[in-house]
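Step one of this worksheet: look at the structure below.
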Amino acid sequence: MKTAFFDSGIGGLSVLHEARRQMPEEDFIFYADCIHAPYGEKTPADVQRYVDRAVDFLIENGAQAIVLACNTATSVACTALRRRLSVPVIGMEPAAKMALDLDGTRRVLVAATPVTTRGEKLHELMVRVDRQHLVDLLALPQLVRFAEADDFSRETVLPYLRRALAPFDLSAYSSLVLGCTHFNYFKDSFRALLPAGMRLLDGNAGTVRQLKRRLQETGAGDGGTGSTAYYFSGRPAGADELSRISRLMERLDRMRAIE
Ligand code: DGL
942 MKTAFFDSGI
952 GGLSVLHEAR
962 RQMPEEDFIF
972 YADCIHAPYG
982 EKTPADVQRY
992 VDRAVDFLIE
1002 NGAQAIVLAC
1012 NTATSVACTA
1022 LRRRLSVPVI
1032 GMEPAAKMAL
1042 DLDGTRRVLV
1052 AATPVTTRGE
1062 KLHELMVRVD
1072 RQHLVDLLAL
1082 PQLVRFAEAD
1092 DFSRETVLPY
1102 LRRALAPFDL
1112 SAYSSLVLGC
1122 THFNYFKDSF
1132 RALLPAGMRL
1142 LDGNAGTVRQ
1152 LKRRLQETGA
1162 GDGGTGSTAY
1172 YFSGRPAGAD
1182 ELSRISRLME
1192 RLDRMRAIE
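In terms of the numbering used here, the sequence shown is residues 942 to 1200.
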């Protein structure tokens, strides 16, 4: 049994990182469509086409479940994929409900890509869970570009985030929701700018729990050898890319410890 984790780029590694902790013996495939990243600045029609192509590749290569480790791909393509495919498809959406369940009186800031913040899927979620209109949406496309360029330095990231967060009175907010898997690499910078009482939330642990439930329901997920095969836009990762992945995983170890 192989589960594939798919993202436009390296953001999906943060979901794989969590899956490795919760499901150490499973066999995984990781696919980053780096040639086409960032998805968040493309048209939905383009994103749909890229996702279809990647997912077909993953199924041809033995994936028996697909995790869209990407809020943008989920927003655009998840419904159509579930209709078209017979394997389980687990999507991700910004953890706004979790934020409102934790605190239903103060405001919540959901940061995501422009495609996600403009998308119908997030607006439908808001209608369902944000009855009191407590949620504000913020697009942070540049963080995806910084991550793809391996630029996590505070000199680059802090001025961008400071400008983006300036219009918000953060003392009125209970949480910032990381609604893009690439944003997990920047928890240190977010933490440096947010008030101490403001939570940083992401959907990775919940997504992996949902994957485990789906695999149990379908009778799959009975353990493997704990392997992961890595692909970049349909090509197996080379030695340099594998060492980049292990550097990124080390960064994610550090980011995971930041609340
Ligand atoms: N990592 C993705 C997400 O969760 C998309 C980033 C992008 O390609 O713009 O939304």
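A virtual CB, placed ideally from N, CA and C, is assigned to each residue, including glycine.
Does the ligand DGL have a heavy atom nearer than 8 angstroms to the CB of D948? As a working mapping, residue 948 is identified with position 7 in the sequence shown. Because some heavy atom of the ligand DGL lies under 8 angstroms away, the Cβ of D948 counts as near it: yes.
Give the straight-line distance between the Cα atoms of D1077 and T1122, rounded to the nearest whole angstrom. By 1-based counting over the sequence shown, the position of residue 1077 is 136. By 1-based counting over the sequence shown, the position of residue 1122 is 181. When rounded, the distance between both Cα atoms is 19 angstroms.
DSSP beta-bridge partners of T1169: Position 228 of the sequence shown, counted from the start, is the residue given in the question as residue 1169. F969.
Under the assumption that I1031 contacts T1166 (Cβ atoms under 8 angstroms), give the Cβ distance between them as a whole number of angstroms. In the sequence shown, the residue the question calls residue 1031 occupies position 90. In the sequence shown, the residue the question calls residue 1166 occupies position 225. With 8 angstroms as the limit, I1031 and T1166 do not qualify as a contact, their Cβ atoms being about 22 angstroms apart.
Under the rule that 16 or more other beta-carbon atoms within 10 Å means buried, what is L1183, buried or exposed? Within the sequence shown, residue 1183 is the residue found at index 242, counting from 1. Classification of L1183: exposed, given that the 10 Å Cβ count is below 16.
State yes or no: is the C-beta of A1002 within less than 9 angstroms of the C-beta of A1053? In the sequence shown, the residue the question calls residue 1002 occupies position 61. In the sequence shown, the residue the question calls residue 1053 occupies position 112. A small fix is needed here, since residue 1002 is Asn in this sequence, not Ala. Annotated as distal: N1002 and A1053, with beta-carbon spacing of 9 angstroms or more.
Can you tell me whether I1007 is buried or exposed, with buried defined as 16 or more other CB within 10 angstroms of its CB? Here residue 1007 refers to the residue found at position 66 of the sequence shown. That one is buried.
Taking contact to mean at least 3 C-beta pairs separated by less than 8 angstroms, is the segment 1033-1050 in contact with the segment 1116-1135? With three or more CB-CB distances shorter than 8 angstroms, the segment 1033-1050 counts as touching the segment 1116-1135.
Looking at the secondary structure, which residues open and close the beta strand (DSSP E) in which K943 lies? Taking the sequence shown and counting its residues from 1, the one referred to as residue 943 is at position 2. From DSSP, the beta strand (DSSP E) with K943 extends over 943-948.
I'd like to know whether the C-beta atoms of D968 and L1009 end up nearer to each other than 9 angstroms. Within the sequence shown, residue 968 is the residue found at index 27, counting from 1. Within the sequence shown, residue 1009 is the residue found at index 68, counting from 1. No, they are not a contact pair.
Reference G940, options G952, I970, L1043, closest by Cα: The structure shown has nothing for residue 940, since the chain only spans 942 to 1200.
Take the Cβ of G950 as the centre, count every other Cβ of all protein chains shown within 10 Å, and call the residue buried at 16 or more, exposed below. Within the sequence shown, the letter at position 9 stands for residue 950. Buried: at least 16 other Cβ atoms inside 10 Å.
Simplified DSSP assignment, three categories, for T1000: The residue given as residue 1000 occupies position 59 in the sequence shown. Note on residue identity: the sequence assigns Ile, not Thr, to residue 1000. It is helical.
Hey, is C1019 close to the ligand DGL, as in C-beta under 8 angstroms from one of its heavy atoms? Residue numbering aside, residue 1019 sits at position 78 when the sequence shown is read from its first letter. In terms of side-chain proximity, the C-beta atom of C1019 is found no nearer than 8 angstroms to any non-hydrogen atom of the ligand DGL.
Residue burial classification, A1025 (beta-carbon count within 10 angstroms, cutoff 16): Position 84 of the sequence shown, counted from the first residue, corresponds to residue 1025. The question names Ala, but residue 1025 is Arg in the sequence shown. Flag for R1025 reads exposed.
Which runs of the alpha helix (DSSP H), 4 residues or longer, sit entirely within the segment 1001-1043? The segment 1001-1043 contains these whole alpha helix (DSSP H) runs: 1012-1025, 1037-1043.
Would you tell me roughly how many angstroms separate the C-alpha atoms of L1106 and H977, rounded to the nearest one? Reading the sequence shown from its first residue, position 165 is the one you call residue 1106. Reading the sequence shown from its first residue, position 36 is the one you call residue 977. Going by the C-alpha atoms only, they are around 28 angstroms apart.
To the nearest angstrom, report how far apart V1056 and A1180 are at their CA atoms. In the sequence shown, residue 1056 corresponds to position 115, counting from 1. In the sequence shown, residue 1180 corresponds to position 239, counting from 1. Roughly 33 angstroms separates the two Cα atoms.
Unbroken alpha helix (DSSP H) runs of length 4 or more, entirely within the segment 1038-1115: which are they? 1055-1059, 1061-1070, 1082-1089, 1095-1106
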